[in-house]
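Asks: Here the protein sequences come in this chain order: A and B. Residue numbering for the first sequence follows my numbering, beginning at -1 and increasing consecutively. Residue numbering for the second sequence follows my numbering, beginning at -1 and increasing consecutively. For glycine and all other residues, C-beta sits at the position ideal for the given N, C-alpha and C.
Number of protein chains: 2
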Amino acid sequence: MAEKFFSERNLRFTLYDVHDVASLAGSAYYADHGRETFDILLDTAKKIATEHLYPYYMEMDRNPPRFADGGITVHPAVRDYLRIAGEGGWINAVFPYAMGGQQIPVSVFFACQFMMAAANYSLSVYPELTSGAARLIHSFGSTELQKTYAEKMVSGEWQGTMALTEPEAGSSLGDVRTSAEPAPQGHYLVRGQKTFISAGDHDCADNVVHLMLARVKGAPAGVKGLSLFVVPKKRVTADGKLEFNDVNCTGCYHKMGYRGSPIAQLSMGEENDCRGYLVGEENRGLSYMFQMMNEARIGVGMGATAIATAAYYASLEYAKVRLQGRRLTEKDAAKPQIPIIEHADIRRMLLKQRAIAEGSLSLMIYAGKLLDLHLSGEGEERERSEILLDFLTPIVKSYPSEMGVVSTSQAIQCLGGYGYSDEFPVEQYMRDARIHPIHEGTTGIQGMDLLGRKVTMKNGKAFGLYLEEIAQTTAKAKSIAGLAGRAARLEETVELQKKVTASLVEHAMKGEIDRFLADATLYLEMAGVICIAWQWLMQGVVAQRALDAGASGDGRTFLEGKLFTMRYFFEYELPAVEGLALRLMSPDAPTVEMEAGHFDD
Amino acid sequence: MAEKFFSERNLRFTLYDVHDVASLAGSAYYADHGRETFDILLDTAKKIATEHLYPYYMEMDRNPPRFADGGITVHPAVRDYLRIAGEGGWINAVFPYAMGGQQIPVSVFFACQFMMAAANYSLSVYPELTSGAARLIHSFGSTELQKTYAEKMVSGEWQGTMALTEPEAGSSLGDVRTSAEPAPQGHYLVRGQKTFISAGDHDCADNVVHLMLARVKGAPAGVKGLSLFVVPKKRVTADGKLEFNDVNCTGCYHKMGYRGSPIAQLSMGEENDCRGYLVGEENRGLSYMFQMMNEARIGVGMGATAIATAAYYASLEYAKVRLQGRRLTEKDAAKPQIPIIEHADIRRMLLKQRAIAEGSLSLMIYAGKLLDLHLSGEGEERERSEILLDFLTPIVKSYPSEMGVVSTSQAIQCLGGYGYSDEFPVEQYMRDARIHPIHEGTTGIQGMDLLGRKVTMKNGKAFGLYLEEIAQTTAKAKSIAGLAGRAARLEETVELQKKVTASLVEHAMKGEIDRFLADATLYLEMAGVICIAWQWLMQGVVAQRALDAGASGDGRTFLEGKLFTMRYFFEYELPAVEGLALRLMSPDAPTVEMEAGHFDD
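1) Just list the alpha helix (DSSP H) runs in the stretch 518 to 567 of chain B, keeping only unbroken ones of 4 residues or longer that don't cross its boundaries, in chain order.
2) Return the CA-CA distance between A/Ala109 and A/Met266, expressed in angstroms with no decimal places.
3) Is A/Cys272 closer than 8 Å to A/Asp199 when the C-beta atoms are compared?
4) Taking 8 Å as the threshold (beta carbon to beta carbon), is B/Phe194 in contact with chain A?
5) On the three-state DSSP scale, how would you describe A/Phe138?
6) Ignore the nearest five residues each way along the sequence and tell me which others in A/Glu179's own chain have a CB closer than 7 Å to its CB.
7) Scan the stretch 25 to 89 of chain A and note each continuous alpha helix (DSSP H) run of 4 residues or more that stays entirely inside, going in chain order.
8) At 8 Å on the CB atoms, spell out the chain B contacts of A/Thr491, in chain order.
9) With DSSP collapsed to three states, give me the class of A/Ala197.
10) Of all the options A/Thr499, A/Gln444, A/Ile336, which has the alpha carbon lying nearest to the alpha carbon of A/Leu398?
11) Can you find the residues in the same chain that come closer than 7 Å, C-beta to C-beta, to B/Pro103, ignoring five residues on each side of it along the sequence?
12) Is A/Ser265 near the ligand NAD, in the sense that its beta carbon is under 7 Å from a heavy atom of that ligand?
13) Should A/Leu240 be flagged as near chain B, meaning a C-beta pair shorter than 8 Å?
14) Can you name the start and end residues of the alpha helix (DSSP H) that B/Val590 belongs to?
15) From the DSSP secondary-structure annotation, give me the bridge partner or partners of A/Leu601.
16) Buried or exposed, going by whether 16 or more other CB atoms sit within 10 Å of the CB of B/Thr176?
17) Suppose the cutoff is 6 Å on Cβ atoms and the five residues either side in sequence are ignored; what does the same chain contact list for B/Thr163 look like?
18) So which residues on chain B does A/Val214 lean against when the C-beta distance must stay under 9 Å?
19) Which residue comes first and which comes last in the beta strand (DSSP E) that contains A/Thr159?
20) Let me confirm a value: A/Ala219 is counted as buried when at least 16 other C-beta atoms fall within 10 Å, else exposed. Which label applies?
21) Mind pulling the alpha helix (DSSP H) runs of 4 or more residues that sit fully within the stretch 350 to 415 of chain B?
22) Looking at C-alpha atoms only, which residue of B/Asp517, B/Ala469, B/Pro63, B/Pro573 is the closest neighbour of B/Tyr251?
23) Can you round the beta-carbon distance between A/Ile433 and A/Tyr256 to whole angstroms, since I take them to be within the 8 Å contact cut?
24) Please confirm whether B/Lys456 and B/Ile296 have their CB atoms less than 8 Å apart.
25) Taking only beta-carbon atoms, is A/Gln495 less than 8 Å away from chain B?
26) What does DSSP give as the partner residue(s) for B/Tyr275 in the beta ladder?
27) Would you tell me roughly how many angstroms separate the C-alpha atoms of B/Ala91 and B/Ser405, rounded to the nearest one?
28) Excluding sequence positions up to five away, which residues of its chain have a Cβ less than 7 Å from the Cβ of B/Ser82?
29) Nearest to A/Thr42 by alpha carbon, out of A/Phe4, A/Met113, A/His17?
30) How about A/Gly577 and B/Gly526: do their beta carbons lie closer than 8 Å?
31) Within 10 angstroms of its Cβ, does B/Ile261 collect 16 or more other Cβ (buried), or is it exposed?
32) Beta carbon of B/Met291, beta carbon of B/Met362: below 8 Å?
33) Does any residue of chain B have a CB that is nearer than 8 Å to the CB of A/Gln322?
34) I need the boundaries of the alpha helix (DSSP H) containing A/Val245, first residue and last residue.
35) Whose C-beta lies closer than 6 Å to the C-beta of B/Gly417 among residues of the same chain, with five residues either side of it excluded?
36) At a CB distance below 7 Å, what residues from the stretch 547 to 564 of chain A approach chain B? Give them in sequence order.
Next comes the structure, spelled out in structure tokens:
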């Protein structure tokens, strides 16, 4: 294992220098906090990540969850970490005081989650899922549900899950068939199957509480007929005992990676005795669930960012010590070999990883800050940050996810044959990273969300606000020697995105919906690259200003490295938008015109 | 497992219609063969692939080689397949009659190898490696070595390997340290370590014969001091017995994929009794080895093509039967779900895979035909085909390898969560595919080969011949309605490649070698995309002509599908050259300018 799995300096640079999260303490909502408490949190999180998560990274992969006798056994580190998370107040850290939480800024909490996920993604998700589920109960559930279920979840004793997917309803949630029939006692009798439920069952929590979508008998078809239920594995009886609730674990998937977390199959109501407790009102389940889904989508982006970061450091460490080859201009074969970090192609692969990882991290912290501004802000600022985050969520989920696979693959490539062997962690990072373009809404779904809903929503208001944000950064960059050219280049690509958007929306106007959305995934890819270029310019502005102000020593080298990485992004990653735009504006649409039979032979 | 792992129709279309390999029978060298014998070979290969390789695909992954007591145990299917390959004459099929071979055209043999590799890549490499090693002995070794070692290899009784890599000498072969000291009896005493040796030891062959690079004592440093030896695990004594040759297997790597084939660590001469038998002359080892390395590089391209093909068919089969979602214009949630192949985004992902797999296959068969023209041709044609193949080898190796990872990842994406689970084979295809950008020369090494040597060799003659070949195709396409536009587009991108090349070569002229080669990997990527676009236009010409000539039924649908896939490639893949060219011609070179310390923080 590598010594380092993330950079503290970069994390603080991103939080404090780029996104100025310390300023959040100026709001009434976050008035109890400040940089000092943030630093304590970061230090504590680092300690937990280093001591309680990282040591089990490879071990949990080699010893994945086992399903037997209707239950799943996981690595004992899970129980320890859930306990630590519960006792340390991490599960409800960002909940408002009114929900018993600590009202920690989301952006700072994201930074802590980032460390946990970089240390051991599979292990990091257990309390994260619990937190989302508990929050949902607090937001929309009855006081009784909060008291009976959420409390034990927040303490880390019980696991929470998000139970949406069914064998026939993955991307198409409207096809959920799990049924719920009202019983006279006030609960509902639930019956159905769920699949791919993360942490859906395991032996390291005393109970598992599913936040489950089901359809009340007689409800409309599609998403409008979905209701949200608390469906515990064990229900709490009137006298406070735990009693089996007819939630049966029927299997556990063996997966390519992300193997430390069990993905369960569940069967509810085999004995017709599975009780579900309605959250909020009937038929409004999906709108409630979207709170948790949006959080989970951002969490996926963070997980992907974190894995890419850890893989980057593993390959960087190797590149510094592995001797191989000589400078291209060195003709004397008797001269000693040099560290591979001296080869331009290795540097390119390292810069690619760094650009993806640190660009994504900056976007994640920005997303956290938007949540913070929404929570702590007032009036227009509050609305603005909400709309912006809504707009950005598909990018926040997908750019790190898609590029995380590319980035971890580059980590393997830096190590060559050793990277492909399991003596080094990089092959596992790539296997782990591959889940992210799939779970919590595939990249295809995110593309449709961005182009089909977010770009056009409120008459393009969200898109407009986003462009304003970028313009603020380019305006700053233009006044800085050395960055003006990059600012102009970013503006050019933004203009290209506007042109592409207009050209696509034209199809929508003409009612050509298939054509409009056929390449939504590529539109998302293009938007993602531009968005990360913006994050890099933002970082470049801060770095250049600090250098101009006379930063010295280590700090100076770090800032110069930042500027090289920004240059890398503009030179090597941003040009991809040219080809994407060419495609997106082409009148030719083979995927729409062809028929399924054309794949036959 | 999917029913289908390759398309017979497409294979024959590529062989006969696109590359007209039947015409090879017109040469004296291949006069004994013809389409009829080719078809029999293809049918036999299909039967072997289906019955003896495909059934063990997942099983060999789940039960990888085990190292114990100085030896490696592999799946028993290996012994069966080696026997079948030996008895069926597959190992020396393409060897000339003079070497006891059957003088089968390489292009046809490639098609057979393609089926084996699509069925089970790990299993397919055992006889392939043996073939390359035996060929090397036949080409440069003494009659005695041929009789003593090559015969048992060709019969499938003994395994052959290519033993180059050492712990400190992977990409940098000049640093090979294994030593060879001449002994009075005529052999050499070999001492050293080798690592990452494919099929370097296993229990399904009675002996393992290594074609090994070592340095004779006193030889010059670097590649000019490397000699080639036959180093058997067991040597043949004067009375024909087998005797341990002090070649010790010291370990076996556990890998991300490609797990059916053992990658061994070897230690020679621990008892100072490891005998090596010189092949050819001292210090010319690398030039001999290049015969095997070039074959192996093409073999890697084929393996990558084959894996991408099998993954494509697995995802296609799924996309046809998996019901999920409705048409975008269908608002009635009560309507039944449709097969996902009806969604444009899924079609895009299927077309991407098909375009990569079939485009690569076409290039592989073309490469095989160049070898055939070299073997069977005369004078200028002979030289032309050799130079062309030399030029193309880095592309033939790398395009399928790099894009094979992307393509298999798209296969996973088509299956969503199921694709990430090991119930379907696609996650294994991606894990298996990941080896290809690494072994037999990483993509970085191939890029340096293309730009640093091939483009400029013989004053650019090879590049010129390549451009002539493309021009022949565009000339044909221009006269066909519906293809003229694509031909013009290909010409445009070729012009762009010429411009980029000139701009890079200018750095070389100025002696800026670091700058010249810094982005060689990206140059290779650009060249690869254009090369495959050319292969697609070639296929498009044949398909459109056949359609215009009135093809009907199934055949018509297949040809229409071909044209859709060609359109896909031009619309979705070729545009990547725009961004690459922009990068490659930019004056900014962060990877050259920065220092290793800039990665510190």
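Replies: In brief:
1) 518 to 546, 551 to 566
2) Cα to Cα, A/Ala109 sits roughly 37 Å from A/Met266.
3) no
4) By this cut-off, B/Phe194 is an interface position.
5) helix
6) Result list for A/Glu179: Tyr186, Leu187, Lys215, in chain order.
7) 33 to 46, 55 to 60, 75 to 85
8) The premise fails here: A/Thr491 is roughly 11 Å from chain B at the closest Cβ pair, so nothing lies under 8 Å.
9) coil
10) Residue identity differs from the one stated: residue 398 of chain A is Pro in this sequence, not Leu. The residue with the shortest Cα to Cα distance from A/Pro398 is A/Gln444.
11) Val19, Leu22, Tyr28, His31, Asp370
12) For the ligand NAD, the structure offers nothing, since it holds no ligand at all.
13) It does not; no Cβ of chain B falls within 8 Å.
14) 588 to 591
15) Absent from the model: residue 601 of chain A. The displayed extent of chain A is -1 to 599, so no value can be given.
16) So B/Thr176 ends up on the buried side.
17) Thr193, Phe194
18) Ordered by position in chain B, no residue passes the 9 Å Cβ test against A/Val214, which lies about 15 Å from the chain.
19) 156 to 161
20) exposed
21) 377 to 413
22) Selected option, being the one with the closest Cα: B/Pro63.
23) 4 Å
24) The answer is no: Cβ separation not under 8 Å.
25) no
26) According to DSSP, which records beta bridges pairwise, B/Tyr275 is partnered with B/Val228.
27) Their Cα atoms are separated by approximately 31 Å.
28) Reading the sequence as shown, one finds Ile at residue 82 of chain B and not Ser. Cβ within range, chain order: Ile46, His50.
29) A/Met113
30) No; because the gap between Cβ atoms is not below 8 Å, this pair is not in contact.
31) Per the 10 Å Cβ criterion, buried.
32) no
33) Residue-level contact by beta carbon holds for A/Gln322 and chain B, with a gap shorter than 8 Å.
34) Premise fails: A/Val245 lies in the beta strand (DSSP E), 245 to 250, not in any alpha helix (DSSP H).
35) Contacts found: Ile410, Val424.
36) Thr555, Phe556, Glu558, Gly559, Phe562
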